[in-house]
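> My questions all concern the structure below.
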Amino acid sequence: MSNDPLLQPYKLKHLTLRNRIIVTSHEPAYPEDGMPKERYLAYTLERAKGGVAMTMTAGSAAVSKDSPPVFNNLLAYKDEIVPWIKQMTDAVHEEGAAIMIQLTHLGRRTRWDKGDWLPVVAPSHHREASHRAFPKKIEDWDIERIIKDFADAAERMKAGGMDGVELEAYGHLLEQFTSPLTNELDGPYGGSLDNRMRFCMDVLKAIRSRVGEDFILGVRYTADECLPGGTGKSEGLEISKRLKESGLIDYLNVIRGHIDTDAGLTDVIPIQGMANAPHLDFAGEIRAATNFPTFHAAKIPDVATARHAIASGKVDMIGMTRAHMTDPHIVRKIIEKREDEIRPCVGANYCLDRIYQGGAAYCIHNPATGRELTMPHLVAKAETRKKIVVVGAGPAGLEAARVAGERGHEVVVFEAASGPGGQIRLTARSPRRKEMMSIIDWRMAQCEKHGVGFQFNTWAEAETIEAENPDVVIIATGGVAHTDVLSKGNEFVVSSWDIISGDVKPGTNVLIYDDAGDHAALQAAEFLASAGAKVEIMTPDRSFSPEVMAMNLVPYMRSLQKLDVLFTVTYRLESVEKDGNQLIAHVGSDYGGVSKQRVVDQVVVNHGTIPLDDIYFELKPKSTNHGEISHDELITGQPQSVVRNAQGQFQLFRIGDAVSARNTHAAIYDALRLAKDI
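Mapping the sequence shown onto UniProt numbering, position 634 (from 1) lands on 634, and the numbers just tick up by one.
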């Protein structure tokens, strides 16, 4: 048996967990009609196949109709969920993993205009900033009903074969009762800590009476809200002890912080550029004080951090949830001593930010996650070996090369720059986003393993490519910054790339015109403001940086607000003219009737990219397919069979920003779903 702390089994009541790594509850937003159907099953099962000890699903499943999900959650209040749950639990158990589900009533952390349009309930009328609903102050009959709803839902989950249920307390209704900030009830459910905890205890008692003793029951809760007037550390410790002493639960899952604002949520679930494992020591304090099984997860992105968490005795089970969205086979690779092959989580948080914006969870650089029914995590060998030329070593080109190499093809990559990375190399110049380079580093290591050849400092001409006698040519040359967007004065502006790369010296009074809404504008603003410039970011959009999304926006705003950057929405930069050493920026609005000016010494335009596609169009007449991709074959996972020129020398495709400006995930997805069938 291995002496690796992570690979030691753990006995939780009657349940023996095969190692110390879990996937904590999260909602990837894959349900269909509130049910965990085939897509949800495939996603969950992949992590069980990968060796995780236990996967917890649904973050969180709703127990009541007046707890409507604000994104696509499981509906545990419906009887019809039981067979779907049974299908999933049976499949996970067959792979040797345990499975639990998280149940909740959202309380005020939802909206009244979702689901059945029922009033939101909470133990006060205080609105949560994130979801904006003003709640009804909960009544006695609501409390009775919801306690029963919790017990009913738990009974359904046991009938579906779950090993246990976890109650989601932090930020949700259970904690809204516990926290003095959100509980304004009179006794018996308000006032003293005894009274504020009564609702949680009543729920636990009701569940335990339904499911019996041979069913795991836990609580994920905050033991320190980190808010003035909220549940502090000392009271959180007392809550922890009372939960243990109740005899109703089998473990504690410890959180620190609050999630009622974007900033609070991001501190609880940190993203790239923020410290790893920021709350691990705190969880260890709870375990030491209670001597009770303790679980924890919060930015545990790598095996070394997870191993330390277990080896040091801080926790009994460690969650690597986002890390398993990036690579579902972490445990298998640990067992097989292939830790260096684990696809690294880079903390980009594309997964959670998409959920909170109403989309499905996708990993920024593993497009198979959430697409297990159509995309492979492990690429199969091709029946026939081909010669494949890839032009461009950015994320799209490297993914195409990796996948083609893994399929056994002979692959050569041409790159004009001295090293790989493309736009990611530029992005990673910001210290907070340096983790993005792991997307490139991992692919380079995989390409080396599969014998992919690289020719850097090589501008690939048509003759260069043809001399390789390729069967397939993939153009992944990316794009160039697009600044030619004004009616007049385009020659006076610079791009966000110019600023981030250091190719252009920062001005002292700068207008950034952001018509793309992505990271580049904010990165440029940080570089400029940190250099001492006065900075205004202007956008024609009605919301700020929509492509960056909520949690990624938090560290930018913390930085830029401290640097006194001005943010202006709903105004459009129309033209720029030079006036001596100054620039006059003429500003209008899509709403009409507005004409303003800004006098600055530098204008930065962020308007995405235009494809760098000359080589594609030069090669197009010489290809068998004239560059055409069959969308039907691409979507259904069939090899590309289009022939427009029977005398052509090779198939020709282009991917990523060489087609159109999108994002890193789209570029890598382009590459995977094309190359996996070559």
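Even glycine gets a Cβ: it sits at the ideal position worked out from N, Cα and C. Only a predicted model underlies this, so the values are computations on that prediction, with no experimental measurement involved.
Is Ala169 near Ala206, with beta carbons less than 7 Å apart?
no
> State yes or no: is the C-beta of Thr609 within less than 7 Å of the C-beta of Gly648?
no
> Compare the C-beta of Gly51 with all C-beta atoms of chain B and state if any pair is closer than 7 Å.
You won't find chain B in this structure, because it holds only one protein chain.
> Can you name, in chain order, every residue of its own chain whose Cβ lies under 8 Å from the Cβ of Lys620, other than the five neighbours on each side?
Answer for Lys620: His626, Gly627 and Leu652, listed in chain order.
> For Gln582, list the residues DSSP reports as bridge partners.
Asp579
> Use the C-beta contact count for Lys11: other C-beta atoms within 10 angstroms, 16 or more gives buried, fewer gives exposed.
exposed
> Can you say whether His125 is buried or exposed, counting buried as having 16 or more other CB atoms within 10 angstroms of its CB?
His125 counts as exposed, since fewer than 16 other C-beta atoms from the protein chains shown sit within 10 angstroms of its C-beta.
> By how many angstroms is the C-alpha of Ile424 removed from the C-alpha of Ile439?
Between the alpha carbons of Ile439 and Ile424 lies a distance of about 8 Å.
> Per DSSP, what kind of secondary structure is Lys136 in: helix, strand or coil?
strand
> Does the beta-carbon distance from Gly257 to Cys226 come in below 7 Å?
The answer is yes: Cβ separation under 7 Å.
> What runs of the beta strand (DSSP E), each 3 residues or longer, lie entirely inside the segment 97–184?
98–104 and 164–168
> Taking just the CA atoms, how far does Thr261 sit from Val554?
10 Å
> Quick one: what does DSSP say Ser192 is sitting in, helix, strand or coil?
coil
> Alpha carbon to alpha carbon, how far is Ala350 from Gly187?
Per the sequence shown, residue 350 should be read as Tyr rather than Ala. One C-alpha to the other measures close to 43 Å.
> What residues in its chain sit with their C-beta under 7 Å from that of Gly588, if we drop five residues either side in the sequence?
Arg572, Glu574, Val594 and Ser595
> Look at the alpha carbon of Asn410 and the alpha carbon of Ala404, and state the distance between them as a whole number of angstroms.
Reading off the sequence, residue 410 comes out as Glu, not Asn. Going by the C-alpha atoms only, they are around 8 Å apart.
> Can you give me the start and stop residues for the beta strand (DSSP E) that Asp514 sits inside?
Asn509 to Asp514
> Helix, strand or coil for His631, going by three-state DSSP, please let me know.
Looking at His631 - three-state DSSP - the assignment turns out to be helix.
> Where does Gln640 sit, in a helix, a strand or coil, going by DSSP?
DSSP places Gln640 outside both helix and strand once states are collapsed to three, so it counts as coil.
> Should Asn606 and Asp353 be called a contact, given that it needs their Cβ atoms to be closer than 7 Å?
no
> So what's Lys488 in DSSP terms, helix, strand or just coil?
strand
> Measuring CA to CA, which of Asp140, Ile138 and Val121 is closest to His131?
Val121
> Nearest-angstrom Cα distance between Ala481 and Val389?
25 Å
> Nearest-angstrom Cα distance between Asn490 and Ser660?
21 Å
> Counting C-beta neighbours from all protein chains within 10 Å, is the total for Val92 16 or more, i.e. buried, or is it exposed?
buried
> Can you tell me whether DSSP reads Ile475 as helix, strand or coil?
strand
> Strictly by DSSP, which residues pair up with Leu218?
Looking at the sequence itself, residue 218 is Gly, so the reference to Leu does not match. Partner(s): Glu166 and Tyr251.
> Whole angstroms is fine: what's the gap from Phe292's alpha carbon to Met317's?
12 Å
> In this structure, how does DSSP classify Val92 when only helix, strand and coil are distinguished?
helix
> Any idea if Asn457 is buried or exposed, counting beta-carbon neighbours within 10 angstroms, 16 or more meaning buried?
exposed
> With a cut-off of 8 Å on the beta carbons, I'd call Val494 and Ala525 a contact; round off their distance for me.
With 8 Å as the limit, Val494 and Ala525 do not qualify as a contact, their Cβ atoms being about 13 Å apart.
> Please report the straight-line C-alpha distance between Lys136 and Tyr189, rounded to a whole angstrom.
A direct Cα-to-Cα measurement between Lys136 and Tyr189 gives close to 16 Å.
> Does DSSP put Thr55 in a helix, a strand or coil?
strand
> Compute the Euclidean distance between the alpha carbons of Gly162 and Ile99, then round it to the nearest angstrom.
Sequence check: residue 162 is Met here, not Gly. Distance between the alpha carbons of Met162 and Ile99 is about 6 Å.
> Alpha helix (DSSP H) containing Glu235: first to last residue?
Lys233 to Glu245
> When every heavy atom of the ligand MN is checked, does at least one fall within less than 6 Å of the C-beta of Asp353?
The ligand MN is absent from the structure shown, which contains no ligand whatsoever.
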